[in-house]
Amino acid sequence: MRGRTHVAFALAMWMAILIARRAALDLVALLPVCLGALLPDIDHPVSPASTSTRMTQSVSSLVTRVTAHRGATHSILAACILTASAVPFLVFYNAKLVFAVAFLFGYLSHIFADSMTVSGVRPFMPLSNLRVRVLPRPMSTGGRAERVLLKFLLL
Numbered sequence: 001m002r003g004r005t006h007v008a009f010a011l012a013m014w015m016a017i018l019i020a021r022r023a024a025l026d027l028v029a030l031l032p033v034c035l036g037a038l039l040p041d042i043d044h045p046v047s048p049a050s051t052s053t054r055m056t057q058s059v060s061s062l063v064t065r066v067t068a069h070r071g072a073t074h075s076i077l078a079a080c081i082l083t084a085s086a087v088p089f090l091v092f093y094n095a096k097l098v099f100a101v102a103f104l105f106g107y108l109s110h111i112f113a114d115s116m117t118v119s120g121v122r123p124f125m126p127l128s129n130l131r132v133r134v135l136p137r138p139m140s141t142g143g144r145a146e147r148v149l150l151k152f153l154l155l
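If you're matching positions, the sequence shown starts at 1 in this note's numbering and goes up one per residue.
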């Protein structure tokens, strides 16, 4: 999926959960949801996560040398490690821990959304190379089905 679809998907799912739980909307928490929704694609050299700043370009350059697209960065383990590594900073700066939850949610939503594509994902790496596709007829990245999904999510 493309970056904008990942962001729209993550935000729509986050909002649905907030509504279902009758929880208050924290606008600042939307930022880590979006960041989490984009970050797994740091392993693709032309993704928004890879090209947004010089720093992300440098990180992407390193990541793409050690893993393929939809490799290690598209795993549940990577989501947990990155989230856990952020928690001490949140505590140190007295920030809300909901930001870590929001980031993790965005990251996992990215993995789930990519499981709807033809390529699928290997979310259990490095424990298993099982490729997961959740749709009987997966969609092509940037294809018609993804464009329809994006329009629906933006309603």
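We treat Cβ as the ideally placed atom computed from N, Cα and C, and that holds for glycine.
Ranked by Cα distance from Leu77, the first of Pro138, Val33, Leu104 is Leu104. Within the same chain, Cβ atoms closer than 8 Å to the Cβ of Leu25 are found at Met15, Leu18, the five residues on either side in sequence being excluded.
Annotation for Gly36: the continuous alpha helix (DSSP H) segment containing it runs 30 to 38.
DSSP, read as helix, strand or coil, puts Val121 in strand.
For Ile19, the enclosing alpha helix (DSSP H) begins and ends at 3 to 21. One alpha carbon belongs to Ser61, the other to Pro123, and they sit about 22 Å apart. Pairing Leu38 with His6 gives a Cβ-Cβ distance under 8 Å. Residue pairing of Val132 in beta bridges, as defined by DSSP: Val121. The region 90 to 110 and the region 28 to 43 touch, with three or more beta-carbon pairs separated by less than 8 Å.
Take Pro48, set aside five residues on each side of it, and the residues of its chain with a beta-carbon closer than 6 Å to its own are Gly3, Leu38, in chain order. In this structure, Pro136 sits away from Thr117, with a CB-CB distance that is not shorter than 8 Å.
DSSP lists Thr117 as the bridge partner or partners of Met139. Between the beta-carbon of Thr67 and that of Asp43 there is about 5 Å, and that keeps the pair under the 8 Å contact cut.
Here the alpha carbons of Ile111 and Ile81 stand approximately 15 Å from one another.
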